[in-house]
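Here is the structure we will look at.
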Amino acid sequence: MTLFHPVSEKDVTRAIVSGFMKQFEQYVESDLVIIGAGPSGLMAGRELALRGRKVLIVERNNYLGGGFWIGGYLMNKVTLRAPSQEVLDELGIPYEEAVEGLYVADGPHACSKLIAAACDAGVKFANMTIFEDIVIRDQRVAGVVINWTPITSLPRQITCVDPVALECTLVIDATGHDACVVSKLEERGMMKTVGFGAMWVERSEDLVVEYTGEAYPGLIVAGMAVSTTYGVPRMGPTFGGMLLSGKKAAEEALKILEGIKTA
Amino acid sequence: MEERGEFFVYHLERRGNSTPPAVPTGGIEALKDRLSLSLAGTKVRRPTDHGPSRDPLPAEIAVEKRRLDPGGRRPFGFLYDGYDLMQIAASLLPMEESSRAHLHIIFTNQLLGTREEGEDRYHARVCVLGSPSLISTSGMVEAPAKPREFYILKRSLEALGMGETAEVEFAREAGARFLDHDDPRMEEAACGYALQAVFHWIGAEGFCGDQGCRLFNAHWQRELLAAQVRGPVPGVGLAPEAGVMPEPGSEPGSEPGPEPRFEPGSEPTLPTDVPLPAIGLCRCHLEQLKRWKESAPITFRL
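Chains as they are written, first to last, in my numbering: chain A, 75 to 337; chain W, 92 to 393.
What follows is the structure, given as structure tokens:
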């Protein structure tokens, strides 16, 4: 007698395919598609899903969490400045005060808790998936075009794999410094970005949070993508700013969604 | 002297409440739209730019408009062209306050910069003198350079991704050597910069070459602290007895200290182990102020 129930290989395959297809079909249309599963994207997704919104996060890597797993020098401690420790409290992430106003947490603990919080709230993920393009309708961003990440590492001549499109009411660009969605709009001549800002100040987390919001109709920019879009001065690994930017992105998205509903 | 609230909020309210309202067609919202567009257009993108952006993104205008609301948060970090900002502020002043009889000093937490003739880049400034004069509290921290070792340590630790902790630690250990944000010494330093605005207003040179004078144009934090913050100073202000800078060694119980050494372009090495003279104006500027007060009997207090 074996410990595990006997199942055939075909049942395993069927379970994977049907489970994936069922979710994929459901999320071909959603309230929000968030590009990037770093701290700001995960935070925004969690907040929105908690408020009953249908959220899909697209992540190009297999793993979720972006750079939130590790701090500087590949050391797995992440630092946050007050008041962002309140988010850690909210998510049940343990931390210590390093010096007044600066908190340190275990990267793996913080990141896995954040991912779990997003999942628990109802966020769904399309990982190993790259953002390729935007869907524009009535002068608004109305969806995204995606493809499998692995095709990017294959020779062009053997990877004529056409992408597919997903529709949504709002897109959040949480792709970090790359600002992939914003850059695509810029490439099409539909908006401008400022690029990285000059280093006028030692840090600018507050500005990242303040400038988090709708950058183009239907597109919200969050996290470090804000820096690239508006030329906010560069800053170090300040995860508190990312978490609070994610929260602000969710607030802005909810306002827009409410406005669309009442219009 | 009248202390007012946030400059733009104050003047928008004043204009809206006047009879008839001093606002353009379209009302206060139209005025806010115009102002926010102008303010967003004064941001300097890069130090080497020849002028401000003039072509702001819609979201940048929206942020500036939100900042015109009372109680709104105004984080700093962008550099605004000081002269452009001054012009925008001047456009809001009522006619009756635009004469030489009024001095307006705006304290802002936003960073100000100017690119003077002959300079190849913008430089952050603590104050931009004119009508109105602008004094930047974030500029007090960011414009004058910090001690060299701060930048060396920061660069090396940033390469290891540890910039944040290092900055906090360094600030804690060496905080006495430079102003930081929310530094309690900032208020006292602000008085000195307000004096520079006063001197500019009375038609005198706003800056002084004497490192011990409140009017010294500091390029290093140590210079700023030496000129503006030297320990407890009762009644900092324009009163001659508080404003005079004694001759070296004339302070009770103090010995003449070594002269500060300063070579252009390098960090000054000011003595830190000797009692420094009381803060104030140099004799030359004090005399100038006295003469002005005699000719223009205006009650003035800081």
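Beta carbons: idealized from backbone N, C-alpha and C, even for Gly.
Could you please give the first and the last residue of the uninterrupted beta strand (DSSP E) stretch that includes residue i?
i      : result
W/Y174 : First-last for W/Y174: 173 to 183, but that is the alpha helix (DSSP H), not the beta strand (DSSP E).
A/D207 : 203 to 211
A/E170 : 170 to 173
A/E133 : 129 to 133
A/E103 : 103 to 109
W/R165 : Per DSSP, W/R165 belongs to no beta strand (DSSP E) and is neither H nor E.
A/G287 : 287 to 290
W/A215 : 214 to 216
A/V219 : 214 to 222
Apart from the five residues just before and just after residue i, which ones in its own chain have a Cβ nearer than 6 Å to its Cβ?
i      : result
W/S190 : none
W/Q379 : A295
W/L194 : W292
A/L281 : V306
W/Q201 : F167, Y171
When you compare each of the options to residue i by their alpha carbons, which one comes out closest?
i      : options                       : result
W/G118 : W/R106, W/T228, W/H214        : W/R106
W/K134 : W/F167, W/E240, W/R268        : W/F167
W/L176 : W/S222, W/M186, W/E207        : W/S222
A/G292 : A/A323, A/R308, A/V173        : A/A323
W/R268 : W/S247, W/E314, W/C282        : W/E314
A/E171 : A/E133, A/V152, A/E83, A/A248 : A/V152
W/L184 : W/H214, W/S224, W/G297        : W/S224
W/A180 : W/E93, W/G283, W/R305, W/E97  : W/E97
A/A239 : A/V178, A/L318, A/V209        : A/V209
A/F98  : A/F199, A/G141, A/P113        : A/F199
A/E284 : W/C373, W/F169, W/T199        : W/F169
Drop a sphere of 10 angstroms on the beta-carbon of residue i, count the other beta-carbons inside from all chains shown, and report buried for 16 or more, exposed for fewer.
i      : result
A/M149 : exposed
A/C242 : buried
A/V81  : exposed
W/Q319 : buried
W/R164 : exposed
W/H394 : It is not possible to answer for residue 394 of chain W, since the shown part of chain W is limited to 92 through 393.
W/D172 : buried
A/R211 : exposed
A/K84  : exposed
A/A89  : exposed
A/G263 : exposed
W/A121 : exposed
A/E326 : buried
W/Q312 : buried
Going along the chain, which residues of its own chain have a beta-carbon closer than 8 Å to the beta-carbon of residue i, five neighbours each way excluded?
i      : result
A/P237 : E206, D207, V219, I220, N221
W/A150 : none
A/V235 : N221, W222, I225
A/A123 : V129, A192, A195, G196, V197
W/I197 : F98, A180, P223, S224, L225, I226
W/G300 : F307
By Cβ distance, which residues of its chain are closer than 7 Å to residue i, with the 5 residues on each side in sequence left out?
i      : result
A/W143 : N150, G181, P182, C185
W/M277 : T228, M231, L270
W/L220 : Q287, A288, H291, G297
W/R145 : G132
Run through chain C and tell me which residues come within less than 8 Å of residue i, C-beta to C-beta.
i      : result
W/P166 : Here the protein chains are A and W, and chain C is not one of them.
One question on the structure: do residue i and residue j come within less than 8 Å of each other, judged by their Cβ atoms?
i      : j      : result
A/L116 : A/L138 : yes
A/E121 : A/K321 : yes
A/S104 : A/L130 : yes
A/G315 : A/E279 : yes
A/I204 : A/I108 : no
A/F270 : A/S301 : yes
W/A317 : W/G303 : yes
Return the first residue and the last residue of the alpha helix (DSSP H) that residue i is part of.
i      : result
W/R313 : 312 to 319
A/T267 : Taken as a continuous stretch (DSSP letters only), A/T267 belongs to no alpha helix (DSSP H), as it is neither H nor E.
W/R106 : 98 to 108
A/F142 : Looking at the DSSP string, A/F142 is not in any alpha helix (DSSP H), and its letter there is neither H nor E.
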